[in-house]
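For the sequence shown, my numbering assigns the number 16 to the initial residue and increments by one for each residue that follows.
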Amino acid sequence: ADILCLQEVDNMAALQAFEYGYLFRMVGNGYRQKYLIEGNDSRGIDVSVMMREETRDGQRIECVDIRSHAAVTYRDLDLHAPGLGPGINPDDRIFKRDCLEMDLRIGGRPLTLYVVHFKSMGPGRDGMDGRQSTMPVRIAEASAVRRIVENRFGVGHTADKAFAICGDMNDYQEKLAIEGDRRNGYRFVPQKEEASALDVLTVDGFVVNPMQRRPVEDRWTLYHSRGPDERHLCQLDYIWLSPSLAERNAHHVPEIIRAGQPFRTLFPPGQEVERYPRIGWDRPKASDHCPVVMTIDL
Numbered sequence: 016a017d018i019l020c021l022q023e024v025d026n027m028a029a030l031q032a033f034e035y036g037y038l039f040r041m042v043g044n045g046y047r048q049k050y051l052i053e054g055n056d057s058r059g060i061d062v063s064v065m066m067r068e069e070t071r072d073g074q075r076i077e078c079v080d081i082r083s084h085a086a087v088t089y090r091d092l093d094l095h096a097p098g099l100g101p102g103i104n105p106d107d108r109i110f111k112r113d114c115l116e117m118d119l120r121i122g123g124r125p126l127t128l129y130v131v132h133f134k135s136m137g138p139g140r141d142g143m144d145g146r147q148s149t150m151p152v153r154i155a156e157a158s159a160v161r162r163i164v165e166n167r168f169g170v171g172h173t174a175d176k177a178f179a180i181c182g183d184m185n186d187y188q189e190k191l192a193i194e195g196d197r198r199n200g201y202r203f204v205p206q207k208e209e210a211s212a213l214d215v216l217t218v219d220g221f222v223v224n225p226m227q228r229r230p231v232e233d234r235w236t237l238y239h240s241r242g243p244d245e246r247h248l249c250q251l252d253y254i255w256l257s258p259s260l261a262e263r264n265a266h267h268v269p270e271i272i273r274a275g276q277p278f279r280t281l282f283p284p285g286q287e288v289e290r291y292p293r294i295g296w297d298r299p300k301a302s303d304h305c306p307v308v309m310t311i312d313l
């Protein structure tokens, strides 16, 4: 890939060690441009971007500007609401990590990236499960990202701009519920969700999820399991494209890298992949998330 959008990066030193000690030795061509701004996560995990100096076909990749939105509060964007949960105040910061905005020029053509990592699905409360109880915060984060894009390009004037929203959204609009067992076989049943924080981004076609171009049973980036009664596959990791960028790349389909999944992950028929060396039943693993890769023509 020419550009990597990353989540859960400890610091610049970790990013440099990952790039030089692993990626450079593996592919023999480094990512010399690295960008990380400290965000809001109490564990110190941040979003970041690594880029080559030019694309595979020789187009120069330049960072024109970079902005952190970690300091944006609910009051700033008028997004505070009672349902956010106890202890969340109007002057608290919206993003649990950041929304990192980057203006790029690739071969002389503009592209704006918004790199995010939304609030995780934590423990349930008030009779709701972890996804439902934390959804209001993710709705606020998604609304904030949309507001940032609209403030930048103008409300009603974003569709023809070249931008992408990338990252771990920690929410989904559909899933593959897994039924059955190892002895009798598994069934993978597509189910639509009644509500999702991501609806803020898709309700009126504000952005496009190109993963919809893949078969419905082959869009997942995460396996969730809390025992045999609660298992599903879903997409948590996204490359959202502006409508014009999606139209320009209508024949490009995202790729999902699942070779780092642990062996406990249940794959639908025909989707099994060869795992990376040293992958275990649960650990070691590359991640519980699968990277999403897409070729984009500007």
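No residue lacks a Cβ here, since even glycine has one placed at the ideal position from N, Cα and C. Small disclaimer: the values here were computed from a predicted structure and weren't measured.
ask   = Nearest CA to the CA of Arg-197: which residue from Arg-279, Ala-96, Asp-25, Asp-61?
value = Arg-279
inquiry  = For the segment 143-162 against the segment 207-217, do three or more pairs of beta-carbon atoms, one drawn from each stretch, fall closer than 8 Å, so that the two count as touching?
reply    = yes
inquiry  = Which complete alpha helix (DSSP H) runs does the segment 221-298 hold, if anything under 4 residues is left out?
reply    = 258-263
Inter-residue Cα distance where the pair is Tyr-37 and Gly-43 = 10 Å
message = Counting only C-beta atoms, is Arg-67 closer than 7 Å to chain D at any point?
response = Here chain D cannot be found, since the structure has a single protein chain.
inquiry  = Within the continuous beta strand (DSSP E) that includes Pro-125, where are the two ends?
reply    = 124-132 is the extent of the beta strand (DSSP E) around Pro-125.
ask   = So, Arg-108 versus Asp-56, is the Cβ gap smaller than 7 Å?
value = The Cβ atoms of Arg-108 and Asp-56 lie no closer than 7 Å to each other.
request  = Whole angstroms is fine: what's the gap from Arg-229's alpha carbon to Val-204's?
outcome  = When rounded, the distance between both Cα atoms is 16 Å.
inquiry  = With the cut-off set at 7 Å, would you say Pro-105 and Arg-90 are in Cβ contact?
reply    = The answer is yes: Cβ separation under 7 Å.
Cross-strand partners of Val-24 (DSSP beta bridge) = Asp-61
request  = Can you say whether Tyr-291 is buried or exposed, counting buried as having 16 or more other CB atoms within 10 angstroms of its CB?
outcome  = exposed
query = Residue range of the alpha helix (DSSP H) that Pro-151 falls in?
reply = 145-168
query = Can you give the Cα-Cα distance for Asp-118 and Ser-83, rounded to whole angstroms?
reply = 12 Å
message = Given 6 Å as the limit, tell me if Glu-245 has its C-beta closer than that to any heavy atom belonging to the ligand COA.
response = What this structure holds is no ligand at all, so the ligand COA is not there to describe.
inquiry  = Tell me which residues share the same chain as Asp-80 and place their Cβ nearer than 7 Å to its Cβ, disregarding the 5 neighbours each side in the sequence.
reply    = Asp-118
key: Local conformation of Met-117 per DSSP, three classes   = strand
inquiry  = Distance check for Asp-144 and Glu-245, CA to CA, integer angstroms please.
reply    = 12 Å
request  = Using beta-carbon positions only, say whether Leu-99 and Pro-151 come within less than 7 Å of one another.
outcome  = yes
query = For Val-62 versus Gln-22, is the C-beta distance shorter than 7 Å?
reply = It is a contact, given that the beta carbons lie within the stated cut-off.
task = Please report the residue range of the beta strand (DSSP E) in which Asp-80 lies.
result = 76-83
8 Å Cβ shell around Arg-293 - same chain, five flanking residues per side excluded = Pro-299
query = Which residues in the same chain as Gly-220 place their Cβ atom closer than 7 Å to its Cβ, once the five residues preceding and following it in sequence are excluded?
reply = Within its own chain, the residues whose Cβ lies closer than 7 Å to the Cβ of Gly-220, once the five positions on either side in sequence are excluded, are Pro-258, listed in chain order.
inquiry  = I need the straight-line Cα distance from Gln-31 to Gly-45, nearest angstrom please.
reply    = 10 Å
query = Within 10 angstroms of its Cβ, does Met-184 collect 16 or more other Cβ (buried), or is it exposed?
reply = Here Met-184 is buried. Its C-beta has 16 or more other C-beta atoms within 10 Å.
query = Near Leu-216, what residues of its chain come up, given a Cβ to Cβ distance below 8 Å and the 5 sequence neighbours on each side ignored?
reply = Ala-157, Val-160, Arg-161, Ile-180, Val-222, Trp-255
key: C-alpha gap between Gly-275 and Pro-306, whole angstroms   = 9 Å
message = Can you tell me which residues form a DSSP beta bridge with Phe-203?
response = Ile-193, per the DSSP bridge assignment.
inquiry  = Tell me the DSSP secondary structure of Met-33 in three-state form.
reply    = Strictly speaking, residue 33 in this sequence is Phe, with Met absent from that position. It is helical.
inquiry  = Less than 7 Å between the C-beta atoms of Glu-68 and Arg-40, yes or no?
reply    = Between Glu-68 and Arg-40, the gap from beta carbon to beta carbon reaches 7 Å or more.
query = For the candidate residues Gly-200, Leu-251, Pro-225, Ile-163, whose alpha-carbon lies nearest to that of Glu-86?
reply = According to the sequence displayed, residue 86 carries Ala and not Glu. Ranking Gly-200, Leu-251, Pro-225, Ile-163 by Cα distance to Ala-86 puts Ile-163 first.
request  = Return the first residue and the last residue of the beta strand (DSSP E) that Phe-178 is part of.
outcome  = That run of the beta strand (DSSP E) goes 178-183.
query = If we count the other Cβ atoms within 10 Å of its Cβ and call it buried at 16 or more, is Thr-310 buried or exposed?
reply = So Thr-310 counts as exposed.
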